[in-house]
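Participant: Residue 15 in this note's numbering is what sits at position 15 of the sequence shown, and the numbering runs on without skipping anything. By construction, the Cβ of each residue, glycine as well, lies at the ideal position given by its N, Cα and C atoms.
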Amino acid sequence: MSNHDDLLAEFLRKRHSVSKLVVPLIFTTKYRRKLFDGQMIAQLRDAFDSAAAKLECEIIEMDGEPDHVHLLVAYPPKLAVSVMVNNLKSVSSRLLRQQNTHLRTQSKTGLLWSRSYFVCSSGGATIETLRAYVQSQSTPD
């Protein structure tokens, strides 16, 4: 394998693109209710892995606390983050409520997740580095 191939090994290679898109996500429970224990976090991990595989995503890391979960997700460029979040939340909610029937009685709405979520870009370069790179490009005459 050449040096170039070594550098690209960790990237997603498709017919017309090479990418590495990774975002941290945080999902909170509806009304920040403290619902999750260790067993439920493990069940959520399985649910997220299952949903991610169908979306061609990868859950790189996942952990949680009683009222929220943190995920680090690699995803393909064809997938909108909002679509990915919607799928991850809906599949995990359905599976967790099937495995833990007491969850239905812990809320008036029956909803597991808050509608909101946190996401940010996680590129290796700082904004200053990217700005300097763009500014260093030659403008054609």
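Tell me which same chain residues have a C-beta within less than 7 angstroms of the C-beta of M1, skipping the five on either side of it?
Facilitator: Against the sequence shown, residue 1 aligns to sequence position 1. Note that M1 scores a pLDDT of 49, beneath 50, so its modelled location is shaky and nothing firm can be said.
Participant: Leaving out five residues before and five after F36 in sequence, what residues of the same chain have Cβ atoms less than 6 angstroms from its Cβ?
Facilitator: Your numbering for residue 36 matches position 36 in the sequence shown. The beta carbon of F36 sits closer than 6 angstroms to the beta carbons of G64, P66 from its chain, once the five residues preceding and following it are set aside; these are given in chain order.
Participant: Look at the alpha carbon of S19 and the alpha carbon of L79, and state the distance between them as a whole number of angstroms.
Facilitator: Here residue 19 refers to the residue found at position 19 of the sequence shown. Here residue 79 refers to the residue found at position 79 of the sequence shown. Roughly 12 angstroms separates the two Cα atoms.
Participant: So what does DSSP say about A52, is it helix, strand or coil?
Facilitator: Along the sequence shown, read from residue 1 onward, the residue named residue 52 stands at position 52. Looking at A52 - three-state DSSP - the assignment turns out to be helix.
Participant: Going residue by residue through the stretch 77-113, where are the continuous alpha helix (DSSP H) segments of at least 4 residues, counting only ones entirely within it?
Facilitator: 81-99
Participant: How is S136 classed by DSSP in three states: helix, strand or coil?
Facilitator: To locate residue 136, count along the sequence shown from 1; it is residue 136. Correct three-state label for S136: helix.
Participant: By DSSP's criteria, I59 is part of a beta bridge. Which residues make up the other side?
Facilitator: The residue given as residue 59 occupies position 59 in the sequence shown. Under DSSP, I59 shares a beta bridge with V73.
Participant: How about L112 and S136: are their beta carbons less than 8 angstroms apart?
Facilitator: Taking the first residue of the sequence shown as position 1, residue 112 is located at position 112. Taking the first residue of the sequence shown as position 1, residue 136 is located at position 136. Taking 8 angstroms as the cut-off, the beta carbon of L112 is found no closer than this to the beta carbon of S136.
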